[in-house]
Amino acid sequence: MDYELASPGVLCSLSIEELLTKIQEWGLDVTEAEAQRFRDNEVDGDTVDCGLTETMVAYLFQASFKKQVKFNQFVSRMKESSVTLTLQTLSPEDWQPSTSSTSISNENTLRLPASFEIPRFPKNLQLKLDNKEPCHKNPRDRHTIIRVLYEAVAQYTMYPTNSEYVQAVKTLVMKYPFLKDREGNGYHTWHMSLRRKFKSERAPLVDSKAVRRCKEKFGSTRRGQPNKCQRTSQRNVCQGPCFQGEDLLSIDAHLKVLQCQYQKMQLDTMVVHNRMQQTFAWRQKEIADGMPVEDVLKKYPFLGMPTGLCNELGWIQPTTASDFVKGSHVLQQR
């Protein structure tokens with residue numbers, strides 16, 4: 001039995017430069033400015049095959065209706081020039097593997113067969129398709145169609161070519177014509193959805209070592225996140241005392257004790273030192289989060305005293321604190 005299959009046209013496989021060459025061979029004189037618009041907007045064969053609007057064509061060929069008309073004629077002729085392949089099925093007796101090396105090569109280069117068929121969908125969805133219901137307008141049904149189509153293509157390859165994507169979605173809309181897009185070539189949205197599905201499914205398959213190498217090379221900072229200032233970063237990583245088990249209630253209790261000691265004429269320096277040390281990590285977090293200086297001094301009044309400030313510097317940076325103490329002694333001597 002023979003099968004005839006119309007393969008995707010050569011238009012979708014053309015690069016930008018190849019497309020420009022084909023246009024000039026067609027007899028359309030493309031200026032350098034017009035060619036640059038093709039390059040700037042990444043207008044290749046696949047883009048043209050998906051369908052350009054009149055506004056897009058007018059932008060590519062400005063102030064020339066003749067070129068716009070000729071370009072539309074060129075696109076129509078290229079889309080019509082599809083190749084018809086005749087496939088002949090062989091009997092089991094006629095088919096014999098040639099060598100083991102050929103078999104291994106075929107396994108390594110397994111591609112989507114020319115006689116690719118759309119599998120059956122889940123029962124409820126298949127019933128809708130048989131009744132020609134517009135189920136593609138339902139996001140859940142549309143995702144199911146893409147998932148089934150992905151699973152069918154993934155049996156052959158996880159890295160389909162652009163032609164194989166087009167072949168799969170064209171087969172879908174040929175079997176169910178009511179699924180066609182209203183605009184363009186009729187399958188552009190299915191094409192893009194299937195590409196995104198393969199991209200998302202391939203992402204977890206990437207080797208973690210390769211991911212780590214990329215992070216080490218390019219950094220793991222997310223795009224769009226501003227870098228923290230150096231002073232804030234230093235406050236976040238300071239090696240001061242940190243007490244585990246502190247929460248909002250315990251911090252409030254420490255603050256009440258500190259406020260009470262601050263009101264006394266004869267304060268207990270040991271209690272103040274311990275409570276300030278226990279609230280250090282919490283205090284540094286508040287400062288790093290942008291608490292104003294006035295609020296910090298109001299909440300921790302001992303930071304306004306020389307002893308409290310010196311202790312704070314000692315917890316943040318011991319070297320700075322020792323230099324500060326030495327400098328204060330020199331000033332006192334003078």
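If you're matching positions, the sequence shown starts at 1 in full-length UniProt numbering and goes up one per residue. Positions of the beta carbon are idealized from the N, C-alpha and C atoms, including for glycine. Values in this document were obtained by computation on a predicted structure and should not be read as measured data.
Check                                                                                                              : Outcome
Where Ile251 falls: helix, strand or coil (DSSP)                                                                   : helix
N-terminal and C-terminal residue of the alpha helix (DSSP H) that Met158 is part of                               : That residue, Met158, is in no alpha helix (DSSP H); it is neither H nor E in DSSP.
Candidates Pro134, Lys137, Val169 and Gln317, of which the one nearest Val148 by Cα                                : Val169
Cβ-Cβ separation, Leu20 to Lys79 (assumed contact under 8 Å), whole Å                                              : Wrong, their Cβ atoms sit about 18 Å apart, outside the cutoff.
Supposed close pair Met158, Arg195 - CB separation, criterion 8 Å                                                  : Wrong, their Cβ atoms sit about 13 Å apart, outside the cutoff.
Gln278 classed as buried or exposed, judged by whether at least 16 other C-beta atoms fall within 10 angstroms     : buried
Range of the contiguous alpha helix (DSSP H) that encloses Asn124                                                  : Lys123 to Asp130
Cβ-Cβ distance between Tyr187 and Leu129 below 7 Å                                                                 : no
Proximity of Arg283 and His254 at Cβ, strictly below 7 Å                                                           : no
DSSP-derived helix/strand/coil call for Asn311                                                                     : helix
Beta-carbon proximity list for Lys197, same chain, < 6 Å, skipping 5 on both sides                                 : Ile146 and Tyr150
Neighbourhood of Leu309 by C-beta, 7 Å cutoff - its chain only, sequence neighbours within 5 removed               : Leu303
Given 8 Å, three or more beta-carbon pairs between the stretch 26-36 and the stretch 64-80                         : yes
Alpha helix (DSSP H) segment containing Leu60, residue limits                                                      : Glu54 to Leu60
Tyr150 (DSSP reduced to helix, strand or coil)                                                                     : helix
Distance between Arg39 and Phe71 (C-alpha atoms, nearest Å)                                                        : 16 Å
Reference Tyr156, options Leu112, Glu117, Arg213 and Ser250, closest by Cα                                         : Leu112
Under the three-state DSSP convention, the category Ser101 falls into                                              : Annotation note: pLDDT 40 at Ser101 (below 50); position unreliable, coordinate value reported separately. Reduced to three states, the DSSP call for Ser101 is helix.
Glu42 classed as buried or exposed, judged by whether at least 16 other C-beta atoms fall within 10 angstroms      : exposed
Whole-angstrom distance between Val166 and Val57, CA atom to CA atom                                               : 23 Å
Whether Asp181 touches Thr171 by CB criterion (7 Å)                                                                : no
Close-in-space but distant-in-sequence residues of the same chain around Cys135 (CB under 7 Å, 5 per side omitted) : Leu125, Lys128, Leu129 and Asp141
Under 7 Å between C-beta atoms of Val69 and Val48                                                                  : no
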